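Residue numbers 1 to 515, in our numbering, belong to the letters of the sequence shown in order. Report on the structure given below.
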Amino acid sequence: MTTPDVPRSLWPSAPPAPDALAGGLTSADPVTALAAALVTSAVTAPSASTVTDPSTVPGTDSLAAPATGPVTADPAAQAASSAAHPVQSTIPTAQPTHLPTAPVGLPGQPAPFSPELARRDFPILHRTVNGHPLVWLDNGATTQKPRQVIETLAAFYGTANSNIHRGAHTMAREATEAYEAGRAAVAQFLGAASPDDIVFVRGTTEGINLVAQTWGRANLGPGDDILVPVLEHHSNIVPWQLIAKETRARVVPVPLQPDGQIDLNAYADLLSMRTQLVAVSQASNVLGTVPPVREMTALAHRYGAKVLVDGAQAVAHFPVDVQDLDADFYVFSGHKLFAPTGIGALYAKPEVMRNMAPWQGGGNMIESVGFTRTTYAPVPHLLEAGTGHISGVVGLLSALNWLTSFDRDAIAAYETSLMAYAQQALATVPGLELLGSAPDRIAVLTFTLAGHDPSTIADWLDRDGIAIRAGHHCAQPALAHYGLESAARASLALYNTSEEVDKLVASLHRLQQAA
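Next up, the structure:
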């Protein structure tokens, strides 16, 4: 929490390279050798009880069983995966001369996508649970992490760990460059104009609270309206309730249609000159609904209102362009994007961010401190008090490189087809009812099963190694729209397969037969 040892003007910077994220990193990145060394030295032989027979894992018939430790131990599987999909990372070798200032793009098109290829990069997907191969269908809560991210985190702590922005020594400069390269990568991933438009936060929740407590406190007052659709996650409801109580503004719910879409006619009617903010998710975590955010934003702007978009459930499923959306704020969490927990990002339009006051005070967000006068750093550092989650940023950068090395349109098309398959398959289960049927949606399948409460369903499936979520999903108003207090939810990601869907459906059939 000290003041910088080096003037801010001399801090290392990392301007984004053009199209740097188009294809991920080249296999010549110096961390490849380091990561391989870490794998060789850190992995111990797995016990027989913890290794999954690869022939029983959907989509991995040619993949030998890896260790259940932090990285895959099978050299043949790693070689096959690396050949088609190079390690994505940005940390130097054990004797670094410098860190890259931005990811290095591959020429040409992104790599072709297949779920089998993606699965090879996820060690955890090849473990067993209760004697069965793991079927991870709880991606709406958190996604699993590819080996590239796991190895990058180990490499950072093994060779480059240092605090950032405040030191004159070599490792401080290298860590700072990696951190700021992460900021540049996030800006490119979201289509932002500049890395300076990006603030690192713990996740979506903290990002929304930051906006509420900075922009909201300065701009909301008695009689002002904050429009929030009923489908929102609690993290996009409660912060607005708190600041509304403080400023004497009011939170106005926007109703849903029976199929889970936002009632756009009601939304248009609720907008007025009193509306100061619209807070809307780009994809619902409980219904999967993808609202027409661009059109909703354009309409809100006619009334001079700002728009905050919760992208937590969207960023892993389809490309995002904040400038095309014309969003004033955009937030997401890394852990739902194959990155570590505890890291996320807030985008704000530069003209909006420049007028935001400090949220927290401390080191990093100041220029000079005295008992008679303190001056602050420019944004985005103004909003990043203290030591941030440095390794989390490095892991997020690795995850972005991994994800964007694939054709993202192909990922979206695959997930759409898998969701359609799952909907048809689940329809064969007696007494099962899916919630929401919006035509534009991500692969979230929330359901009830006659005669069984959601926790019983989740417990039964867990016995077969199938992980789903049960409860209110931090979206109680959305469930109340259907007269429910809780439901079961299977949420799909790019590494899930039709075979896994078949296992889910077969287990639910057995549950109904056992009743």
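Where a beta carbon is used, it is the ideal one built from N, C-alpha and C, also for glycine. Just so we're clear, the structure is a prediction, and the values are computed from it rather than from any experiment.
Assignment of Q360 by DSSP, reduced to helix, strand and coil, places it in the coil class. Taking N219 as the centre and dropping the five residues before and after it, the same chain places the C-beta of Q276 closer than 7 Å to its C-beta, in chain order. Rounded to whole angstroms, the gap between the alpha carbons of V322 and R463 is 42 Å.
One alpha carbon belongs to M171, the other to I208, and they sit about 33 Å apart. Residue pairing by DSSP puts K306 in a beta bridge opposite L277.
The alpha-carbon of S391 is positioned some 44 Å away from that of M273.
The closest CA to that of L256, considering only L325, A266, T247, is found on A266. Of all C-beta pairs linking the segment 476-493 to the segment 439-456, three or more are shorter than 8 Å, placing the two stretches in contact. Distances from the alpha-carbon of R166 to those of T159, G158, E177, Y157 put E177 closest. In its chain, beyond the 5 residues on either side, R294, T297, A298, H301, V307 have a beta carbon closer than 8 Å to the beta carbon of D326. In this structure, DSSP gives R408 a helical state, which the three-state scheme calls helix. Going by C-alpha positions, Q476 is about 34 Å away from A185. Looking at the DSSP output, H132 bridges to V129. Close CB contacts of L190 within its chain, under the 7 Å cut and outside five residues either way in sequence, are with V320, V322, Y330, Y347 (chain order).
CA-to-CA, the gap between W359 and D196 works out to about 17 Å. Assigned with DSSP and collapsed to three states, I390 falls in helix.
Distances from the CA of A212 to each of T404, Q512, M356 were compared; the closest alpha carbon is that of M356. Contact annotation: A412 and F318 have beta-carbon atoms nearer than 8 Å. In the structure shown, R354 adopts coil according to DSSP, grouped into three states. In this structure, DSSP gives T446 an extended state, which the three-state scheme calls strand. A Cβ-Cβ contact shorter than 8 Å links L137 with A467.
Residue pairing for S491: DSSP places it in a beta bridge opposite D138, V444.
Considering only L449, A425, A450, the residue with the shortest C-alpha distance to E499 is A425. Nearest neighbour of L494 by Cα position, chosen from S486, L435, Y414, turns out to be Y414.
When only Cα atoms are considered, E232 and D121 end up about 32 Å apart. Residue environment for F371: exposed (fewer than 16 other C-beta atoms within 10 angstroms of its C-beta). With a 10 Å radius around the Cβ and a threshold of 16 neighbouring Cβ atoms, T497 comes out buried. For the 8 Å CB-CB criterion, A339 and G395 form a contact.
By the Cβ neighbour-count rule, T205 is buried, with 16 or more other Cβ atoms within 10 Å of its own. The Cβ-Cβ distance between F332 and G344 falls below 8 Å. Taking C-alpha positions only, R248 is separated from G223 by approximately 7 Å. In this chain, E384 is not harboured by any beta strand (DSSP E), its DSSP state being neither H nor E. Within the DSSP secondary-structure output, E433 pairs in a beta bridge with T448.
Under the DSSP assignment, E485 falls outside any alpha helix (DSSP H); it carries neither an H nor an E label.
In summary, R354 is exposed, with fewer than 16 beta-carbon neighbours lying within 10 Å of its beta-carbon over all protein chains present. By the neighbour-count criterion, in which 16 or more other beta carbons inside 10 Å mark a residue as buried, E485 falls on the exposed side.
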